[in-house]
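**Q** If you read the protein sequences in the order shown, they are chains A and B. Position 50, counted from 1, in the first sequence is what our numbering calls 50; the numbers after and before it change by one each time, with no gaps. Position 1, counted from 1, in the second sequence is what our numbering calls 1; the numbers after and before it change by one each time, with no gaps. Note that the Cβ used here is the ideal one computed from N, Cα and C, for glycine as well. As the structure is a computational prediction, the values presented were derived from the model and not from experiment. Have a look at the structure that comes next, please.
There are 2 protein chains.
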Amino acid sequence: MAVINFNRSPVSNPDPIMSPCAACSVRDLSICGVLDETDLQKMAAIAHNMQYSPQDPIIDEGEPADFLFNITAGTVRLYKLLPDGRRQITGFLTNGDFLGIALNENYAYSAEAVDDVRVCRFVRRKLENLLDELPHLEKRLLGLASNELAQAQDQMVLLGRKTAKEKLVSFFLMLSRRQKEIGGEASPVMLPMSRSDIADYLGLTTETVSRTFSSLKRSQTIKLEEGGKVTLPNMEVLETIAEGY
Amino acid sequence: MAVINFNRSPVSNPDPIMSPCAACSVRDLSICGVLDETDLQKMAAIAHNMQYSPQDPIIDEGEPADFLFNITAGTVRLYKLLPDGRRQITGFLTNGDFLGIALNENYAYSAEAVDDVRVCRFVRRKLENLLDELPHLEKRLLGLASNELAQAQDQMVLLGRKTAKEKLVSFFLMLSRRQKEIGGEASPVMLPMSRSDIADYLGLTTETVSRTFSSLKRSQTIKLEEGGKVTLPNMEVLETIAEGY
DNA sequence: CGGTGCATTGATCAGAATCAATGATCGTGG
DNA sequence: CCACGATCATTGATTCTGATCAATGCACCG
């Protein structure tokens, strides 16, 4: 990476030469995984690296959807607000995730950095043009959208039909799976987001999240480590709880 | 891209079973709307018309995803079950809707006919082959997936953060919008599905749905007509309620 | 240190679930 | 054609999970 300023943000890197996609650490995780060297060049040509500090807005619901993003580091929360301030977090994105599949004229949701975030930003119009050239890429996007839809349905089951305990355990398992996918361990699980983020993701309040947390600790179902990490001692038990048996 | 234009078109077709795609009443609503005569032929070659009676299963979660469907008449419910029988309905599909965008090896959810349903069924493998030939079609699918994702996010807000009253009013508005899209009136809204279906879609119980229904009737917010139709006398008021102002 | 923001814990409340009964609708067969 | 049973919808009484209101604890930071 080129010189990076960690204090001021967002910071744009207008020079893609300095961050060649070929060496990108999340390339295989991301939509770029299907591209060969030539196509990568084309992607690189329309990409900008950017950074965000915790709580920085990345996109705003309702604004023209001019940019799309590949998350290369950190965690992003997607959310929608009701007029009175009630918030629903619809997902957390991490390494390799693509932000902006729902390509309408305007963004359908907002996104903020949870911790220090790096992204690869594309001008939407340019990426769309590239799609016509690279059918692989379009197929990949369709695959991603398909996965996201499946996830969204699981989340609907969680929100509509699971208890607080089931919700929280499902959440840990989701994080654990995701962590494995990006090449980490299944446990312990990192929790970069606040209790209030977790609550708004699970359709609960912070108090209920906190209480359920404590109750799971008491019953040894989970273990809270230094730095807010959570150890999952027995995946089978957790799976059973999450599915509500 | 991808703001899908649902053209108005008549929805009654005397005999879809015998009809070639060219005369298909939901063609413009469906993925087939982007195809010219030649391409339609190719679609027709891999399509089968089928019908289902109320409560008939159409696909089963976990089964190999061998078929994809275009709904040409009637209403379909998509749902997922927890092991103890709790059910979450993740969506209702009607004329022109495409069933099976989430293209994994196995179906991620089940689908049943709510009323009398007709579909155009495709062998998945064949449709996938056709996709490589018809880039228009692939784009259209991506657009559909994009729309579905946006809808799914709205549904998460509903399930996670709205009250029973807000949920029910949002549901009526969704049906009303959908009815307009397929060429009908905004009101009255048809309710082919049972209270229990509505409950499982909104993350409520039948009793709560019924009570909320009654309360909305009492306050003149809605009016219940013959045949279970619901008249929406004032859209602005309903929108306000649905968004929780 | 003291302040600020986040997390935890406690007490109470409320909205929706559950348990239970009654009412309406519809299809079937006598 | 009506009576019966079955299914679904409505309404009522009560319970309970999670929300709300409130206080305290804890960690980080100037």
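Is the separation between the beta-carbon of E61 of chain A and that of Y109 of chain A shorter than 8 Å?
**A** Here residue 61 of chain A refers to the residue found at position 61 when the first sequence is read from its first residue. Here residue 109 of chain A refers to the residue found at position 109 when the first sequence is read from its first residue. One thing to note: E61 of chain A has its Cβ within 8 Å of the Cβ of Y109 of chain A.
**Q** Could you name the residues of chain A that N104 of chain B contacts, counting a contact when the two beta carbons are closer than 9 Å?
**A** Taking the first residue of the second sequence as position 1, residue 104 of chain B is located at position 104. Ordered by position in chain A, the residues that pass the 9 Å Cβ test against N104 of chain B are S146, N147 and A150.
**Q** Under a Cβ-count criterion, where at least 16 other Cβ atoms within 10 Å of its own Cβ denotes burial, should P83 of chain A be classed as buried or exposed?
**A** Stepping through the first sequence from its first residue, residue 83 of chain A is reached at position 83. By the 10 Å Cβ count, P83 of chain A comes out exposed.
**Q** Exposed or buried, which one is Y245 of chain A when buried takes at least 16 other CB atoms within 10 Å?
**A** Taking the first residue of the first sequence as position 1, residue 245 of chain A is located at position 245. It counts as exposed.
**Q** Does any CB atom of chain B fall closer than 8 Å to the CB of K165 of chain A?
**A** Reading the first sequence from its first residue, position 165 is the one you call residue 165 of chain A. With 8 Å as the cut-off, K165 of chain A does not count as an interface residue toward chain B.
**Q** Output, in chain order, the set of chain A residues within a Cβ distance shorter than 8 Å of L159 of chain B.
**A** Within the second sequence, numbered from 1, the residue matching residue 159 of chain B stands at position 159. Those within 8 Å of L159 of chain B in chain A are M156, L159, G160 and G203.
**Q** For Y79 of chain B, name the three-state secondary structure that DSSP assigns.
**A** Translated into the one-based positions of the second sequence, residue 79 of chain B becomes position 79. Of the three classes helix, strand and coil, the one that applies to Y79 of chain B here is strand, per DSSP.
**Q** Does P14 of chain A come out as helix, strand or coil in the three-state DSSP assignment?
**A** Here the question's residue 14 of chain A lines up with position 14 in the first sequence. With a pLDDT of only 46 at P14 of chain A, under the threshold of 50, the placement of this residue in the model should not be trusted; the figure read from the coordinates follows. If DSSP states are grouped into helix, strand and coil, P14 of chain A belongs with coil.
**Q** The beta strand (DSSP E) spanning M43 of chain B covers which residue range?
**A** As a position in the second sequence, residue 43 of chain B is number 43, starting the count at 1. Counting along the chain, M43 of chain B falls outside any beta strand (DSSP E), though it belongs to the alpha helix (DSSP H) covering E37 to A45.
**Q** Could you pull the DSSP bridge partners for F67 of chain A from this structure?
**A** Taking the first sequence and counting its residues from 1, one reaches residue 67 of chain A at position 67. In the DSSP output, where bridge partners are listed per residue, F67 of chain A has A:V123.
**Q** For a test of the three-state rule: what should DSSP assign to Q220 of chain B, helix, strand or coil?
**A** In the second sequence, counting from the first residue as 1, residue 220 of chain B sits at position 220. In the structure shown, the three-state DSSP call for Q220 of chain B is coil.
**Q** Residues of chain A with a CB under 7 Å from the CB of T90 of chain B: which are they?
**A** Walking along the second sequence from the start, residue 90 of chain B turns up at place 90. Result: Q153 and M156.
**Q** Out of curiosity, what's the CA-to-CA distance linking A242 of chain B and Q41 of chain B?
**A** Along the second sequence, read from residue 1 onward, the residue named residue 242 of chain B stands at position 242. Along the second sequence, read from residue 1 onward, the residue named residue 41 of chain B stands at position 41. A242 of chain B and Q41 of chain B: Cα-Cα distance of roughly 44 Å.
**Q** Identify every residue that forms a DSSP beta bridge with E112 of chain A.
**A** Taking the first sequence and counting its residues from 1, the one referred to as residue 112 of chain A is at position 112. A:P57 and A:R77.
**Q** Using a cut-off of 8 Å between C-beta atoms, extract the partners of L82 of chain A located in chain B.
**A** The residue labelled residue 82 of chain A in the question sits at position 82 within the first sequence. Within chain B, the residues near L82 of chain A are V157, R161, K162, E243 and G244.
**Q** Against chain A, with Cβ distances strictly below 8 Å, would R86 of chain B count as a contact?
**A** Taking the second sequence and counting its residues from 1, the one referred to as residue 86 of chain B is at position 86. Interface residue, yes.
**Q** Once the 5 residues before and after L216 of chain B are set aside, which same chain residues still bring their CB inside 8 Å of it?
**A** One-based indexing of the second sequence puts residue 216 of chain B at position 216. So the list reads K165, L168, V169 and I222, once near-sequence residues are dropped.
**Q** Along chain B, which residues have their Cβ under 8 Å away from the Cβ of L141 of chain A?
**A** Against the first sequence, residue 141 of chain A aligns to sequence position 141. Simply L142.
**Q** State yes or no: is the C-beta of A65 of chain A within less than 8 Å of the C-beta of E105 of chain A?
**A** Looking up residue 65 of chain A in the first sequence gives position 65. Looking up residue 105 of chain A in the first sequence gives position 105. It is a contact, given that the beta carbons lie within the stated cut-off.
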